[in-house]
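Participant:
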Amino acid sequence: MIDLLERREMEQVAVILWPIWYQRNLRLHEGMTMDPLHTANAAAAYLHEYRNTITFAMSQDHIVFPQNWLLLPIDWIKVNLEGAIFSELEALGVGLSFEIMKTNLLSNVQIVSWC
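For the sequence shown, the working numbering begins at 6 and goes up steadily by one.
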């Protein structure tokens, strides 16, 4: 199917499929069901917003791209924290990762805990 669609058409398909996918996940993981008309209206609203955004972006004289990534200073600490909750298992997982750069020496410490 992807080969048969133009890029703009494929983007529109993705925008329409998102609320359908979201509804499916609500039903599968939360046991909640939305009215199909609500899902269809959400898809139509997303498509309308997408088209307005594309029209606006194309009407601009130029597009400003974000700055390039900058290298961190020599001595730095980077911390990542992630978590997951599994209600059906009544479990919680937390992961913490430290990356420490001290004068060209990189250390990485990871801590993972389950409750």
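We treat Cβ as the ideally placed atom computed from N, Cα and C, and that holds for glycine.
Rounded to whole angstroms, how far is the Cβ of residue 63 from the Cβ of residue 81, which I believe are closer than 8 Å?
Facilitator: As a first step, residue 63 is located in the sequence shown; it is residue number 58 there, counting from the start. As a first step, residue 81 is located in the sequence shown; it is residue number 76 there, counting from the start. Not a contact, Cβ separation roughly 40 Å.
Participant: Apart from the five residues just before and just after residue 51, which ones in its own chain have a Cβ nearer than 8 Å to its Cβ?
Facilitator: Here residue 51 refers to the residue found at position 46 when the sequence shown is read from its first residue. The answer, listed in chain order, is 20, 21, 23 and 24.
Participant: DSSP three-state label for residue 10, please.
Facilitator: As a first step, residue 10 is located in the sequence shown; it is residue number 5 there, counting from the start. Residue state, collapsed to three classes: coil.
Participant: How many angstroms separate the CA atom of residue 10 from the CA atom of residue 83?
Facilitator: Counted from its first residue, the sequence shown places residue 10 at position 5. Counted from its first residue, the sequence shown places residue 83 at position 78. Spanning the two alpha carbons is a distance of roughly 42 Å.
Participant: Going by DSSP, what residues sit across from residue 96 in a beta bridge?
Facilitator: Residue mapping note: residue 96 aligns to position 91 of the sequence shown, counting from 1. Paired residue(s): 91.
Participant: Using a Cβ-Cβ cut-off of 7 Å (strictly less than) and excluding sequence neighbours within five positions of residue 89, which residues of its own chain qualify?
Facilitator: For this step, residue 89 is matched to residue 84 along the sequence shown. For residue 89, the CB contacts under 7 Å within the same chain, skipping 5 residues up- and downstream, are 98 in chain order.
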